[in-house]
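S.K.: In my numbering, the protein residues as written are 212 to 342.
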């Protein structure tokens with residue numbers, strides 16, 4: 212009788228050990244799943260960070276106005292340096308005709324016009340670069 216009681220207690224303890232080992236294995240597989248998910252989220256964050264930088268660079272363009280250009284020095288051109296092929300690529304010069312020289316128009320007018328022309332012509336390229 213004493214022997215049987217001892218064996219019953221040992222069986223109960225073994226069942227508890229088996230149950231706890233299964234829980235540990237289950238938790239390990241969940242942890243691996245979370246690690247995979249964390250890796251995916253970190254990769255997404257990196258992509259989004261690059262896109263944010265790209266869009267910020269696009270918003271913070273530095274336009275250069277070229278007065279007295281062209282034949283007879285009577286035209287205004289503008290140029291902007293911007294990415295050639297999207298995020299991380301080299302920058303390229305984009306040059307646009309803005310109009311005839313007019314001393315009455317301030318530099319801010321020409322800068323706004325240049326940015327407007329640039330965005331109109333390059334918005335398709337900007338919109339193609341998405342996650």
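For glycine and all other residues, C-beta sits at the position ideal for the given N, C-alpha and C.
1. Would you report the Cα separation of residue 255 and residue 316, rounded to the nearest angstrom?
2. Between the Cα of residue 295 and those of 268, 283 and 309, spot the shortest distance and give me the residue it belongs to.
3. Could you check whether residue 272 and residue 293 sit closer than 8 Å to each other, using their CB atoms as the reference points?
4. Take residue 312 and list the residues in its own chain whose beta-carbon comes closer than 7 Å to its own, dropping the five residues that flank it on each side.
5. Considering only the beta carbon of each residue, do residue 309 and residue 324 sit closer than 8 Å?
6. If you scan the stretch 253-329 from start to end, which runs of the beta strand (DSSP E) of 3 or more residues do you find wholly inside it?
7. Have a look at 228, 216 and 265 and flag the residue whose alpha-carbon is nearest the alpha-carbon of residue 301.
8. Decide if residue 245 is buried, meaning its Cβ has at least 16 other Cβ atoms within 10 Å, or exposed.
9. Helix, strand or coil, according to DSSP, for residue 229 in the structure here?
10. Of all the options 253, 318 and 303, which has the alpha carbon lying nearest to the alpha carbon of residue 276?
11. Please check the pair residue 289 and residue 321, which I expect to be a contact at CB under 8 Å, by giving their CB distance rounded to whole angstroms.
M.R.: Looking at the atomic coordinates:
1. Position 44 of the chain shown, counted from the start, is the residue given in the question as residue 255. Position 105 of the chain shown, counted from the start, is the residue given in the question as residue 316. Roughly 46 Å between the two C-alpha positions.
2. Translated into the one-based positions of the chain shown, residue 295 becomes position 84. The candidate whose alpha carbon is nearest that of residue 295 is 268.
3. The residue labelled residue 293 in the question sits at position 82 within the chain shown. The residue labelled residue 272 in the question sits at position 61 within the chain shown. Cβ distance < 8 Å, so residue 293 and residue 272 count as in contact.
4. The count along the chain shown starts at 1 and reaches residue 312 at position 101. The answer, listed in chain order, is 278, 279, 285, 286 and 287.
5. Within the chain shown, residue 309 is the residue found at index 98, counting from 1. Within the chain shown, residue 324 is the residue found at index 113, counting from 1. Cβ atoms of residue 309 and residue 324: closer than 8 Å.
6. 275-280, 286-294 and 302-311
7. Reading the chain shown from its first residue, position 90 is the one you call residue 301. That would be 265, whose Cα lies nearest to the Cα of residue 301.
8. Sequence index remark: in the chain shown, residue 245 carries index 34 (1-based). It is exposed - the Cβ of residue 245 has fewer than 16 other Cβ atoms within 10 Å.
9. Against the chain shown, residue 229 aligns to sequence position 18. Looking at residue 229 - three-state DSSP - the assignment turns out to be helix.
10. In the chain shown, counting from the first residue as 1, residue 276 sits at position 65. Of 253, 318 and 303, the residue nearest in Cα terms is 318.
11. The residue given as residue 289 occupies position 78 in the chain shown. The residue given as residue 321 occupies position 110 in the chain shown. About 6 Å; that satisfies the 8 Å criterion.
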